[in-house]
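Enquirer: Positions 1 to 272 (the UniProt record's numbering) are the ones given, in order, by the sequence shown. We put the CB at the ideal spot given by N, CA and C, even for glycine.
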Amino acid sequence: MPVQSKVALNAPDHLLFRLNELMKPTKDLGSVLTTFNYGLYLLAYFDSKAYNLKSKALSFVRPETAFTALPGAAEAESSPFARLGSVVANARLTLRLFGLLPIYVRVRKLIREGKSMDPVLYIISFIQCSLFATFQLLENIAFLMEKGVLMKCGLGWLFNGTGGRVANMYRVAHRAWFLSIICDFARLMREAQIFFTKNHLEKGEITREEAEKAVQWYYDWIRPLAWLPIGWHLSGWMGDKAPGFNLGVQGAAGVLADLRRTTMLWRATQEA
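This is the structure:
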């Protein structure tokens, strides 16, 4: 292939890589907003519980001043904390409009480094990237349609059904995201298998770098485990609401998912 053709092909990639570098700070902001968002949901849940406990306490002390305790789920969703959480969630959705950029960069790096990777890990990573891309594309389209930016979508007929096209598009997007979470478990199990083979069958020496990776491997389980109940709920495979799922579970799981990264970002500000 002529040099000019290679340059022409690489120019769009170079531009997209630069745009991805430009948008990198939004990833850190996204982690902080995620923790804040789900923290608000958790506060909304506790707020609803406090409301009902206060009602019961007043009924013992002064029955005439007691107010009616509302169902926890309904009260939690009407809490000011939940409303503020919805505002933050919209901010996160807006930031994720640029989410296809890092996915594209990751795919390009996978293609470039694929020969040096474990074949199974390569396949898992490629499937996960495809699922992430599907999720992000559908979520972006659904969000823009919801806000009136896109009036029609060429794929809209695929999402006809109860609840409306936008809701169904979100549901399919979240199913792709849920399956990408499952890919994380497959990746972690494969990494454990590789580590076990190297250190127990081949009896190779464990380097400091490998020891650090082993510690990180345990931490890497936290995020997918935390996102799992949220992904299952949003996927809607068991109807509008998964059994036992409420705003408290959602808030606790969401906070746990990004808490470690947010803590690391906060500690990094000490150097500022």
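Assess contact between the stretch 119 to 132 and the stretch 165 to 173, defined as three or more Cβ pairs (one per stretch) separated by less than 8 Å. Is contact present?
Expert: Flag = no, the stretch 119 to 132 and the stretch 165 to 173 do not touch.
Enquirer: Please name the residue or residues paired with G239 in a DSSP beta bridge.
Expert: On the sequence shown, position 239 is the one that residue 239 refers to. Answer is W237.
Enquirer: Does DSSP put L150 in a helix, a strand or coil?
Expert: Taking the first residue of the sequence shown as position 1, residue 150 is located at position 150. Three-state DSSP puts L150 in coil, outside helix and strand.
Enquirer: Indicate the three-state DSSP secondary structure (helix, strand or coil) for G254 in the structure shown.
Expert: Here residue 254 is taken as the residue at index 254 of the sequence shown, counted from 1. Three-state DSSP puts G254 in a helix.
Enquirer: Report, in whole angstroms, the separation of the C-beta atoms of Q136 and I111, which I expect to be a contact under 8 Å.
Expert: The count along the sequence shown starts at 1 and reaches residue 136 at position 136. The count along the sequence shown starts at 1 and reaches residue 111 at position 111. Not a contact, Cβ separation roughly 19 Å.
Enquirer: If we call anything under 8 Å between Cβ atoms a contact, is T262 one with S31?
Expert: By one-based count along the sequence shown, residue 262 stands at place 262. By one-based count along the sequence shown, residue 31 stands at place 31. In this structure, S31 lies closer than 8 Å to T262 by Cβ.
Enquirer: Does the separation of the CB atoms of R108 and D13 fall below 8 Å?
Expert: Reading the sequence shown from its first residue, position 108 is the one you call residue 108. Reading the sequence shown from its first residue, position 13 is the one you call residue 13. It is a contact, given that the beta carbons lie within the stated cut-off.
Enquirer: Does F245 come out as helix, strand or coil in the three-state DSSP assignment?
Expert: To locate residue 245, count along the sequence shown from 1; it is residue 245. DSSP places F245 in coil when its eight states are reduced to three.
Enquirer: By Cβ distance, which residues of its chain are closer than 6 Å to A192, with the 5 residues on each side in sequence left out?
Expert: Your numbering for residue 192 matches position 192 in the sequence shown. Excluding positions up to five away in sequence, the list is empty.
Enquirer: Is DSSP giving R165 helix, strand or coil here?
Expert: By 1-based counting over the sequence shown, the position of residue 165 is 165. Note: R165 maps to helix in three-state DSSP.
Enquirer: For G251, is the classification buried or exposed, using 16 other Cβ atoms within 10 angstroms of its Cβ as the cut-off for buried?
Expert: Position 251 of the sequence shown, counting from 1, holds the residue named residue 251. When all chains shown are included, G251 counts as buried.
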